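Notes for the one structure printed next.
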Amino acid sequence: MAHTPDSKAVSEAITTDVAVIGGGIVGLGIAWEAQRSGRNVTVIDPSPATGATFAAAGMLAPVSELHYQEEGLLELTLASAARWPEFVAPLVAAGHADTGFRTTPTLVLGADAADRAALADLREVQLAHGLDVEQLGIRQARAAEPLVGPHISCAYRIAQDHQVDPRGVATAIRVQLNVVAAERGRLREEQTSIRRNAVALLHQDPQDSRSRVTGVRLEDGREVHAGEVVVANGLGAPLLQGLPEGLELPVRPVYGDILRLRVPAHLQPLATATIRGLVRGLPVYLVPRNDNTVVIGATSREDGSAAVSAGGVHQLLRDAQVLVPAVAELELLETTARARPGTPDNAPLLGRVADGAGRDIPGLIIATGFFRHGVLLTAIAAHTVRQLLGDITDLAWERFRPDRFSPAIRPSGPTPQETP
Amino acid sequence: MTEILTETDPFTVAGVPLGSRLIMGTGGAPSLDGLGAALVASGTELTTVAMRRYAPGSGGGGAGTNLFELLLENNIRVLPNTAGCFTAREAVMTAELAREALETDWVKLEVIADENTLLPDAVELVDATEQLVNRGFKVFAYTNDDPVVALRLEQLGAAAVMPLGAPIGTGLGILNPHNIELIVSRAGVPVVLDAGIGTASDAALAMELGCDAVLLATAVTRAQDPVRMAEAFKHAVIGGRLASRAGRIPKRAHALASSAMEGRPDL
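Structural data, given as structure tokens:
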């Protein structure tokens, strides 16, 4: 449907350097990094940080999250994990103490003999990639984390897999975006954060969806005029009007159930490290937070249901109790289900879009499809977009181009699971 | 090789000829792309999907976001299954939903007794088979390796009986080859070895025991290299089928030279 903005709407148009569609942690991270580079930014989202960001546990765990056949993604996840300390430091320096960034290790446990064999096989691949996975005796593991149950079959320590609190980071960035904008004289909150849906991309030539992108049309008909538009609204990305003709953004919802629980005083701390494991072949993790809560997750469902699954909650609590029996004593605070935006190859859609004639479309950057790794990959996504805004392309990440599923326009090149 | 087999030794189930005797499942697939590549490498023409785990409408259109579109694009027929059902009632309702959503009356009937073993509940299974056959479904009944129950399922109208080699996901192979042979020897409908397959030799053995086809998922989807493993199964199933039709030699306790000494010229 075509909106014809009236003169009043045009006079209300917001002008910005970078418009970011989508205020999840990826969009916020990109906006913040762009703002730190001196640009004015505007985040467009009716309810920021309420999607997958609200659910995510926030593990920064490139090593323990290595999957077979996804080794091509490892380079990106490692690069992003390495960037997180410097990504989060300015937020902490600005007084945001609640980012939850912790450099505690991750303890990986197996429940039965088959889980032990599966984790040992995976470790071979992890070691072959030069990753550090230290085998622990069960007594060693339980000495470090005394509430781990006695019936586990194996234990590994991964020193470099850390964690952050995505809700805390998102809140800190949202506050900080407004603070910095105000310092630069952009005092109206709507100049920085628009609580509306974006419905369409605007183009220099309205008849040509592959021409320069010049802004965003909102659901109320108003326009945001921007030098660059970043599409970072996850599953909503393919629904935007005005996407370049021929661009396919194949994202599908992969739902996850996740729990938050409070640890009673007599069990504090339940754990100091992130504990994750395989329990009869099913993955489960417990992430301890600074506020004496733990996050237990996560299921992976493609059943089309956005509601919390009773079976999913049961499975998580059952398996978490195998690793840490005291989970049964905790207070269940929250059950949450959200969708991760999954792509066909489980790798993100990140970068500029080709116009089918060998050039990239100016003014448009895509950053979606982060699937299981949205929080982890926020730091590298923000950095990469900042580079793209400065006309720098990191060739190592060209294989994650968002047009790689678009034969009509994509330039030939390696795909994410190939090493270029 | 596949083409030769199809001509001289066709595999027909529920009246439909299939070019491959390998039926695949999708559970445990690491990525949609990876699953698609593995299915193509396996050469399968029939693949089962858990209706409780994949919603037909979920993920929008296109093979890039929708499992069912992915199958369609690769000319693979979908066999909806009732995995996760514990009662005949649930299984019948799930099959009805699948028939409506996917416009197929084929269903792989799974009625599970408990989550620890995932073994079929024979009583509910027999009940559900009868109900579904009466409702016009082509029932592929996943059953224990019990020759008595297998025959009952056939008598109730199952289009195929699918005895397990070992519990789902265990990769333990075929634990009771004698029972599988017995089921095959008495069956008038296709027998599909379903569940428990760990590696290629398990699938070859199933075919050598006389099974008409093999169904597997985990052995491929959770392998370190699913595409390579899928191709291994493709060859194993063909090899096992050829061997079963070629008439193997008897096993004997003493050596027998492959070239007999009698009748040789004395030079």
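Order-wise, the sequence lines are chains A and B. Throughout, this note's numbering is defined as the position within the first sequence, counted from one, plus 19. Throughout, this note's numbering is defined as the position within the second sequence, counted from one, plus 27. Glycine included, each C-beta is placed from N, C-alpha and C at the ideal position. Note that the structure is a prediction, hence the values are computed from the model and not measured.
When Tyr274/A, Leu335/A, Val248/A are compared, the shortest CA-CA separation from Leu407/A is found for Val248/A. For Asn206/B, the uninterrupted alpha helix (DSSP H) segment begins and ends at 204 to 213.
With a threshold of 9 Å between beta carbons, Gly267/B makes no contact with chain A. When CB distances to chain A are screened at a threshold of 7 Å, the residues of the segment 45 to 76 of chain B falling below it are Pro57, Ser58, Leu59, Asp60, Gly61, in chain order. Annotation: the continuous alpha helix (DSSP H) that includes His402/A extends over 393 to 408.
Against chain A, the beta carbon of Thr92/B has neighbours under 7 Å at Pro269, Val270, Arg271, listed in chain order. Just measuring C-alpha positions, the residue of Ala373/A, Thr387/A, Gly388/A sitting nearest Pro381/A is Ala373/A. Around Gly204/A, the same chain offers no residue with a beta carbon nearer than 8 Å, after the five sequence neighbours per side are excluded. Partner residues in the beta bridge of Phe167/B, as assigned by DSSP, are Lys135/B, Ala187/B. Proximity of Tyr81/B to chain A, defined by a Cβ-Cβ separation below 9 Å, is satisfied. A direct Cα-to-Cα measurement between Pro269/A and Asp227/A gives close to 22 Å. Taking each of Asn206/B, Arg79/B, Asp154/B, Ala140/B in turn and checking the Cα distance to Ala115/B, the smallest one comes out for Asp154/B. When rounded, the separation of the alpha-carbon atoms in Val166/B and Gln340/A is 39 Å. Legend: CB atoms of the segment 358 to 371 of chain A lying less than 7 Å from CB atoms of chain B belong to residues Pro363, Asp364, Asn365. Close to Glu94/A, with beta-carbon spacing below 7 Å, lies no residue of chain B; the smallest spacing is near 17 Å.
For a Cβ distance threshold of 9 Å, residue set Gly323 of chain A lies close to Gly84/B, ordered along the chain.
Between Glu153/A and His181/A, the alpha-carbon positions lie close to 15 Å from each other.
One thing to note: Val211/B has its Cβ no nearer than 9 Å to the Cβ of Ala186/B.
The residues Gly48, Ile49, Glu52, in chain order, have a CB closer than 6 Å to that of Ala401/A in the same chain once the five nearest residues on each side in sequence are set aside. Ranked by Cα distance from Pro253/B, the first of Gly91/B, Leu62/B, Val134/B, Val241/B is Leu62/B. Residue state for Pro217/B is assigned as coil, using DSSP reduced to three classes.
At a Cβ-Cβ threshold of 9 Å, Thr291/A and Leu305/A do not count as neighbours.
For Gln158/B, the closest of Glu117/B, Val67/B, Val40/B by C-alpha to C-alpha distance is Glu117/B. The Cβ of Arg215/A sits no closer than 9 Å to any Cβ of chain B.
Out of Thr34/A, Val394/A, Ala101/A, Leu128/A, the CA that lies nearest to the CA of Arg161/A is found in Leu128/A.
The way I'd put it, the segment 384 to 394 of chain A does touch the segment 359 to 374 of chain A; three or more beta-carbon pairs between them come closer than 8 Å.
Under a criterion of Cβ atoms nearer than 7 Å, no residue of chain A is adjacent to Pro194/B; the nearest Cβ is some 12 Å distant. With fewer than 16 other beta carbons inside 10 angstroms of its own, Ala427/A counts as exposed.
In the structure shown, Phe424/A adopts coil according to DSSP, grouped into three states. In this structure, Gly261/A and Leu220/A form a Cβ contact; the two beta carbons are roughly 4 Å apart against a cut-off of 8 Å.
Among the residues facing chain A, Pro253/B is included, as its CB has a counterpart in that chain under 9 Å away.
With fewer than three CB-CB distances shorter than 8 Å, the segment 141 to 156 of chain A does not count as touching the segment 55 to 69 of chain A.
By the Cβ criterion, the segment 227 to 239 of chain A is not in contact with the segment 86 to 100 of chain A, since fewer than three pairs of Cβ atoms, one from each stretch, lie closer than 8 Å. Closest by C-alpha distance to Leu155/A, out of Ile213/A, Ala178/A, Ala147/A, is Ala178/A. Counting of Cβ neighbours within 10 angstroms places Ile276/B among the exposed residues, the total staying below 16.
Within 7 Å of the CB of Gly200/B, no CB atom of chain A is found; the nearest one sits about 14 Å away.
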